[in-house]
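Comments concern the structure below.
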Amino acid sequence: MNYLAFDTSGTFLTVTAKGKDSFFNHIKECTRSHSVILMDEIENCLEKASLELADVDVFACSVGPGSFTGIRIGVATAKAFAYALSKKVLAVTSFLALAYNVTDNTDKLTLVNARHDNYYACGFNANNEVILPPCFLTKEEVLAKKDGFTVISDTEVEGENFIVGDIAEGFRLAVEDNLDKASFDVESLVPLYVKKSQAEEELC
Numbered sequence: 000m001n002y003l004a005f006d007t008s009g010t011f012l013t014v015t016a017k018g019k020d021s022f023f024n025h026i027k028e029c030t031r032s033h034s035v036i037l038m039d040e041i042e043n044c045l046e047k048a049s050l051e052l053a054d055v056d057v058f059a060c061s062v063g064p065g066s067f068t069g070i071r072i073g074v075a076t077a078k079a080f081a082y083a084l085s086k087k088v089l090a091v092t093s094f095l096a097l098a099y100n101v102t103d104n105t106d107k108l109t110l111v112n113a114r115h116d117n118y119y120a121c122g123f124n125a126n127n128e129v130i131l132p133p134c135f136l137t138k139e140e141v142l143a144k145k146d147g148f149t150v151i152s153d154t155e156v157e158g159e160n161f162i163v164g165d166i167a168e169g170f171r172l173a174v175e176d177n178l179d180k181a182s183f184d185v186e187s188l189v190p191l192y193v194k195k196s197q198a199e200e201e202l203c
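Using numbering that gives the first Met the number 0, you'd call the opening residue of the sequence shown number 0 and step up by one each time.
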């Protein structure tokens, strides 16, 4: 199954294109907005993988948590492609990407830095099935919940020996392992907002 996947949720942009006998993965630090560079990177990856956009069966993207603006750009792009070409979409959370960093038979607590010693968190079992729904935790709450889990974070947590995961590699693995969950229901592809953005909170 051919797929095009992109993660626009963080400071690095990941784009992966895979065909039947071809594969190309590119990670680029974003010194400009994702909206400025995403299409060029997609075009480059498709060319390197010897694919045309119409050859893609599944458009996958990260739905967060992460950069609110970046996530919206990625989701909108994947939906536009899928609508135009009548293809499937696949949502991958940043949590799932982190979970794929650990293959041991263990429960996993994944953390995405929400700043000021706060974290977006989600728990998985060894089969990467959610056992703790996405939530917003303070550092103290993380420490209270960590027992029994292997903890994987997207950044170092001061004073703790947690695994710092490779989201880019985990994202690729998560996409490849979940292609069977891709759907023609394009409207089901929506950003994962564990907590409202500051702008949205100020409007409430």
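Glycine included, C-beta positions come from ideal geometry on N, C-alpha and C.
- The beta carbons of residue 110 and residue 125 sit no closer together than 8 Å.
- A residue is called buried when at least 16 other Cβ atoms come within 10 angstroms of its Cβ; residue 115 does not meet this threshold and is exposed.
- Here residue 160 is exposed, its C-beta having fewer than 16 other C-beta atoms within 10 Å.
- DSSP places residue 141 outside any beta strand (DSSP E); the residue lies instead in the alpha helix (DSSP H), whose first and last residues are 138-144.
- For residue 102 and residue 172, the gap between their C-alpha atoms comes out near 11 Å.
- The count of Cβ pairs closer than 8 Å, one atom from the stretch 179-189 and one from the stretch 11-28, stays below three, leaving the stretches out of contact.
- Contact between the stretch 92-99 and the stretch 36-52 is absent: fewer than three C-beta pairs spanning the two stretches fall below 8 Å.
- Judged by DSSP secondary structure, residue 44 falls within the alpha helix (DSSP H) whose first and last residues are 33-47.
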